[in-house]
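>
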Amino acid sequence: MRRVNTFEIRPLRKRDRLLLLEILDASASLWNEITYDRRSALFSGDDIWRSETDTYRDKYKGTIGAAAVQQITRRSDEAWRSFFALCKEDADANPPGYWKDDDRRELQTLVRNDQYTIEWGDRSRLEIPVGLDLKEKCGLGYNERLRVEICGRPRWAGEKGRLEIVYERDTDSFRVYQPVTNAVRERDESLAVESSNDGSVAALDIGANNLVAVTTSRGKQRLYDGRSPFRRFHRTTERIADLQAALGPGEWTSRRIRRLYRYRSARRNHLQDALVRDLAEWFRHQGVGTVLVGDLGELSSHWSTRVNEKVHLFWAYGRFRRRLKEVLDECSIDVRDVDERGSSSRCPRCNDTNVHRNGDAFRCRECGFNGHSDLAASENMLQQYASYGSTARPATPDQNRSREGYRQVPCLEWNDHRWQRRGRSTKENLANRSTRNTGNIASSETDPSEPRRGNLAQ
């Protein structure tokens, strides 16, 4: 299994920051030079594999080191081989492009797996090599390497791969990607090892208002509400639209707009990943061995722009499904796709289709069953699975049987940090995690496009 650790690095001194930027800039220049030579050879009918390795190495090893030149050249070789493989398959493929954005280089570099050192602890740090010429220019010793601070923790342990460092101009930050093969969870290895799967089955109804409604064959149920996160997602979308409307003639975007796009996606991905992890932990305690996931097929567009925003942008159905399968696979839980058509249009008690739905409320006109529409859909999927030969027929969930009973099903809401249960009758206020009173703004409502205020440095 191959996974990627992602973290941020922060040079502590101005000299280290300038040195790192120069390494990334030289690496991007090398990539663009190789790409230009090979694209020119391709369009002129020459052999793109003509040897220029010695020329590249002599020109750039003094700045980034010979090992980095080798890794960037190999990355280019891999990209071009993939391009020619697609051409053989008659696929519509474009040759590898430049590391460039808005006529500026995309600053990034590659570090061979045996050329960097990561130390984790109270003062985590990353050390990477520097070319001799750049060492002399910046005053580093002959055996000294560039040392920068790491922010974050590794999620995966295993055989480390080639490190990739990327400078993100929009956020003025350095992002690091470390691929890991034969990966195991660094802190949650017990998810797969200690899982007591006893053949229980869970069915998931995935939606945009209630992100997940789940029912297990033991009769346990849960809801994950998505309305509040979508409202915040929509407010960011409106802010982006206002900024785009204020652009001048011929302008399509700005640094502030790109930053808001990234901020919006990062918040959505964070809540999705936290939801999947919370589900995996709950399944482990429930002894779930198989999870049924409703397959919606291809999603169509709607006449309402707000509905399209919710379904195609905020919901991110495809990404959520992929992430769910990856995490549950780590936990040794089988994931099966089932057809959910008609699952919310029939009663889970009497199987009659004479039902009435009004938002989340679900009522059967034949037997008088009252419940939650999404939970009823997940129950129907479990019954459909049982009809295919499974002995894991769902138990009767007591919470979903009375007129107001569905309101007692645990409903989890997102508070920007984790999914937590909040009762409808006793809705406690969320803890104020802001340090606004101390002068340092750390509120979840902070707009990344706005300048920070307060005492940022004492």
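At the far end of the sequence shown sits residue 458, using the UniProt record's numbering, and the numbering has no gaps. Ideal Cβ positions, reconstructed from N, Cα and C, are used throughout, including at glycine. Predicted, not measured: the structure shown is a model, and the values here were computed from it.
#1: Does the region 93 to 105 come close enough to the region 34 to 48 to have 3 or more Cβ pairs within less than 8 Å?
#2: Helix, strand or coil: which one does DSSP assign to Leu363?
#3: Does DSSP put residue 460 in a helix, a strand or coil?
#4: So, Arg323 versus Val180, is the Cβ gap smaller than 8 Å?
#5: Roughly how many angstroms lie between the CA atoms of Val293 and Gly359, to the nearest whole one?
#6: Leaving out five residues before and five after Arg357 in sequence, what residues of the same chain have Cβ atoms less than 6 Å from its Cβ?
#7: Which residues mark the beginning and the end of the alpha helix (DSSP H) in which Ser27 is found?
#8: Suppose you measure from the CA of Arg123 to the CA of Phe7; what does that come to, to the nearest Å?
#9: I think His105 touches Ser29, with their Cβ atoms under 8 Å apart; what is that distance to the nearest whole Å?
#10: Check the C-beta distance from Leu375 over to Val409 and give it rounded, since I have them as a contact under 8 Å.
#11: Thinking Asn354 and Arg365 are a contact (beta carbons under 8 Å), I'd like their distance in whole angstroms, please.
#12: Any idea which residues DSSP pairs Arg162 with across the strands?
#13: Which runs of the alpha helix (DSSP H), 4 residues or longer, sit entirely within the region 277 to 346?
#14: Applying the 10 Å Cβ sphere with the 16-neighbour rule, what's the burial state of Gln420?
#15: Looking only at DSSP bridge pairs, what is Val180 linked to?
#16: With 16 as the cutoff for other CB atoms within 10 Å, does Lys135 come out buried or exposed?
#17: Does the pairing of the region 277 to 291 with the region 327 to 336 give three or more beta-carbon distances under 8 Å?
#18: Is the beta carbon of Arg125 less than 8 Å from the beta carbon of Ile150?
#19: Does the Cβ-Cβ distance between Lys61 and Gly131 come in under 8 Å?
#20: When the Cα atoms are used, what is the spatial distance from Arg436 to Asn143?
#21: For Gln244, count neighbouring C-beta atoms within 10 Å of its own C-beta (all shown protein chains included) and say buried if the count is 16 or more, exposed if not.
#22: Whole angstroms is fine: what's the gap from Val118's alpha carbon to Gly45's?
#23: Where does Arg185 sit, in a helix, a strand or coil, going by DSSP?
#24: Going by C-alpha to C-alpha distance, which of Ile72, Gln272, Thr53 and Ser254 sits closest to Gly207?
#25: Which value, in whole angstroms, describes the spacing of the CA atoms of Phe84 and Ser40?
#26: Pick out whichever of Pro129, Ala213 and Asn113 has its Cα sitting closest to the Cα of Asp16.
#27: Do Ser76 and Trp120 come within 8 Å of each other at the CB atom, strictly closer than that value?
#28: Below 8 Å, how does it come out for the region 221 to 229 and the region 245 to 257: are there three or more Cβ pairs, yes or no?
#29: Could you work out which residue in Leu12, Ser254, Val111 and Thr55 is closest to Ile72 when comparing CA atoms only?
#30: Look up His257 in the DSSP assignment and say whether it is helix, strand or coil.
#31: Restricting to Cα atoms, I'd like to know which of Lys325, Val307, Arg232 and Asp133 is closest to Leu275.
#32: Helix, strand or coil: which one does DSSP assign to Ser173?
#33: DSSP three-state call for Gln221: helix, strand or coil?
#34: Beta-carbon separation of Phe362 and Gly368 under 8 Å?
#35: Relative to the C-alpha of Phe174, which residue among Arg256, Leu24 and His312 is closest?
#36: Unbroken beta strand (DSSP E) runs of length 3 or more, entirely within the region 37 to 119: which are they?
If we stick to the structure as given:
#1: Inter-segment contact for the region 93 to 105 and the region 34 to 48 is present: three or more beta-carbon pairs are separated by less than 8 Å.
#2: Your numbering for residue 363 matches position 363 in the sequence shown. In the sequence under discussion, the amino acid at residue 363 is Arg, which differs from the Leu named in the question. Assigned with DSSP and collapsed to three states, Arg363 falls in strand.
#3: Any answer about residue 460 is impossible in this case: the structure gives the chain only from 1 up to 458.
#4: In the sequence shown, the residue the question calls residue 323 occupies position 323. In the sequence shown, the residue the question calls residue 180 occupies position 180. It is not a contact, given that the beta carbons lie outside the stated cut-off.
#5: The residue labelled residue 293 in the question sits at position 293 within the sequence shown. The residue labelled residue 359 in the question sits at position 359 within the sequence shown. One C-alpha to the other measures close to 21 Å.
#6: For the purposes of this step, residue 357 is identified with residue 357 of the sequence shown, where counting begins at 1. Excluding sequence neighbours, Arg357 sits near Ser373.
#7: Against the sequence shown, residue 27 aligns to sequence position 27. Note, Ser27: alpha helix (DSSP H), Lys14 to Ser44.
#8: By one-based count along the sequence shown, residue 123 stands at place 123. By one-based count along the sequence shown, residue 7 stands at place 7. Distance between the alpha carbons of Arg123 and Phe7: 14 Å.
#9: As a working note, residue 105 is residue 105 in the sequence shown. As a working note, residue 29 is residue 29 in the sequence shown. Checking the displayed sequence, the identity of residue 105 turns out to be Arg instead of His. Yes, they are in contact, since the Cβ atoms of Arg105 and Ser29 sit about 7 Å apart, within 8 Å.
#10: Numbered from 1 along the sequence shown, position 375 holds the residue referred to as residue 375. Numbered from 1 along the sequence shown, position 409 holds the residue referred to as residue 409. With a Cβ gap of about 6 Å, Leu375 and Val409 count as contacting.
#11: Here residue 354 corresponds to residue number 354 of the sequence shown, with the count starting at 1. Here residue 365 corresponds to residue number 365 of the sequence shown, with the count starting at 1. Taking the Cβ atoms as the reference, Asn354 lies roughly 5 Å from Arg365, within the contact range of under 8 Å.
#12: Position 162 of the sequence shown, counted from the start, is the residue given in the question as residue 162. DSSP, once it has assigned bridges, lists no residue as partnering Arg162.
#13: Listed in chain order, the complete alpha helix (DSSP H) runs (minimum 4 residues) inside the region 277 to 346 are 305 to 308 and 317 to 330.
#14: Indexing the sequence shown from 1 puts residue 420 at position 420. Exposed.
#15: One-based indexing of the sequence shown puts residue 180 at position 180. DSSP output for Val180 lists Arg3 and Lys160 as bridge partner(s).
#16: In the sequence shown, the residue the question calls residue 135 occupies position 135. A residue is called buried once 16 or more other Cβ atoms fall within 10 Å of its Cβ, and Lys135 is buried on that count.
#17: As far as the Cβ criterion goes, the region 277 to 291 touches the region 327 to 336, which means the pair count is three or higher.
#18: Against the sequence shown, residue 125 aligns to sequence position 125. Against the sequence shown, residue 150 aligns to sequence position 150. In contact: Arg125 and Ile150 (Cβ atoms closer than 8 Å).
#19: Translated into positions along the sequence shown, residue 61 becomes position 61. Translated into positions along the sequence shown, residue 131 becomes position 131. Yes, the pair counts as a contact, with Cβ atoms nearer than the cut-off.
#20: Taking the sequence shown and counting its residues from 1, one reaches residue 436 at position 436. Taking the sequence shown and counting its residues from 1, one reaches residue 143 at position 143. Reliability fails at Arg436, whose pLDDT of 39 lies under 50, so the model's placement of it is uncertain and the value that follows must be treated cautiously. Taking the straight line joining both Cα atoms gives about 45 Å.
#21: On the sequence shown, residue 244 is found 244 positions in, with the first residue counted as 1. By the neighbour-count rule (16 or more Cβ atoms within 10 Å), Gln244 is not buried but exposed.
#22: Numbered from its first residue, the sequence shown carries residue 118 at position 118. Numbered from its first residue, the sequence shown carries residue 45 at position 45. In the sequence as presented, Val is not what sits at residue 118; that position holds Ile. Looking at the two C-alpha atoms, the distance is approximately 45 Å.
#23: On the sequence shown, position 185 is the one that residue 185 refers to. Strand.
#24: Taking the sequence shown and counting its residues from 1, the one referred to as residue 207 is at position 207. Residue Gln272 is the option with its Cα nearest to Gly207.
#25: Locating residue 84 in the sequence shown gives position 84, where the first residue counts as 1. Locating residue 40 in the sequence shown gives position 40, where the first residue counts as 1. In a straight line, the C-alpha of Phe84 is about 16 Å away from that of Ser40.
#26: Locating residue 16 in the sequence shown gives position 16, where the first residue counts as 1. Per the Cα distances, Pro129.
#27: Locating residue 120 in the sequence shown gives position 120, counting from the first residue. Locating residue 76 in the sequence shown gives position 76, counting from the first residue. Inclusion of Trp120 and Ser76 in the CB contact set at 8 Å is not warranted, their separation being larger than that value.
#28: They do not touch, by the three-pair rule.
#29: On the sequence shown, position 72 is the one that residue 72 refers to. Nearest option by C-alpha distance: Val111.
#30: In the sequence shown, the residue the question calls residue 257 occupies position 257. The sequence shown places Ile at residue 257, rather than the His named in the question. If DSSP states are grouped into helix, strand and coil, Ile257 belongs with the helices.
#31: Taking the first residue of the sequence shown as position 1, residue 275 is located at position 275. Selection Lys325, Val307, Arg232 and Asp133 evaluated against Leu275 yields Lys325 as nearest (Cα-Cα).
#32: The count along the sequence shown starts at 1 and reaches residue 173 at position 173. DSSP, read as helix, strand or coil, puts Ser173 in strand.
#33: Within the sequence shown, numbered from 1, the residue matching residue 221 stands at position 221. If DSSP states are grouped into helix, strand and coil, Gln221 belongs with the strands.
#34: Along the sequence shown, read from residue 1 onward, the residue named residue 362 stands at position 362. Along the sequence shown, read from residue 1 onward, the residue named residue 368 stands at position 368. No.
#35: Residue mapping note: residue 174 aligns to position 174 of the sequence shown, counting from 1. Answer by Cα proximity: Leu24.
#36: Runs of the beta strand (DSSP E) inside the region 37 to 119: 108 to 111 and 117 to 119.
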